[in-house]
Amino acid sequence: DSTWFNEAWMSRIKTDVEDNWRLKMNNLKKILQKVVDYYKEVLTQDISYFPLPDVSLVAEHSEPAEMGRLLQLILGCAVRCEQQQEYIQIIMTMEESVQHVVMKAIQELMKKDNPTAFGTELSGDPEQQVKKLLEDLSELMSEKEALAQRCQELDLQVNVDLIHNPILFRHRVPHK
1 DSTWFNEAWM SRIKTDVEDN WRLKMNNLKK ILQKVVDYYK EVLTQDISYF PLPDVSLVAE
61 HSEPAEMGRL LQLILGCAVR CEQQQEYIQI IMTMEESVQH VVMKAIQELM KKDNPTAFGT
121 ELSGDPEQQV KKLLEDLSEL MSEKEALAQR CQELDLQVNV DLIHNPILFR HRVPHK
């Protein structure tokens, strides 16, 4: 959301931090605070149930679990903002295993176990949209896997036919 994460805000993020973990931590604190504020003010969602990442561990040790939580929060913003279609399209172009991980992370963030999770006080429109998009993504991934399997089966059948009928081999048009 370029109106929320605008140039003025971006200018507060230092880019020349190199290996200085304290500067990295200050940047991560600013990012985390802006993301939390985005949930509250733009998405009007209470995320107090979600354990916030320890940015000092991310900055100093690149701690994977803490970094994962930060990325989860950012992903949640991406699939809920006005440009959600763009981000979902980008996710769809990723490797299948990455798509599964991203989808799982988003679903975990949107768990309904907690009554305050993801804007239950809202009319449900944006939440239902994201839920539907995640279901569509899952369905499309399943279809993609089924089609890939069918292509393999057809390739195998063509190869078997060519072995059993060499005349087909002479008339076969090569793949481009």
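Going by UniProt numbering, the sequence shown opens with residue 1, and the numbers climb by one from there.
Cβ atoms here follow ideal geometry from the backbone N, Cα and C, with glycine treated the same way.
Quantities reported herein were computed from a predicted structural model and do not represent experimental measurements.
Item, Value
"Rounded distance between the beta-carbons of Tyr38 and Cys77, thought under 8 Å", "6 Å"
"Rounded separation between Thr3 and Arg12 - CA only", "15 Å"
"The region 97 to 109 touching the region 66 to 82, judged by at least three CB pairs closer than 8 Å", "yes"
"Three-state secondary structure assigned by DSSP to Ile13", "coil"
"Close Cβ partners of Gln99 (< 8 Å) along its chain, the five nearest in sequence each way excluded", "Ile91, Met92, Leu137 and Met141"
"Contact belief for Val55 with Lys29 at Cβ below 8 Å, rounded distance in angstroms", "5 Å"
"Reference Asn27, options Lys14, Val42 and Glu145, closest by Cα", "Lys14"
"C-beta atoms of Asp1 and Cys81 nearer than 9 Å", "yes"
"Rounded separation between Glu153 and Glu143 - CA only", "15 Å"
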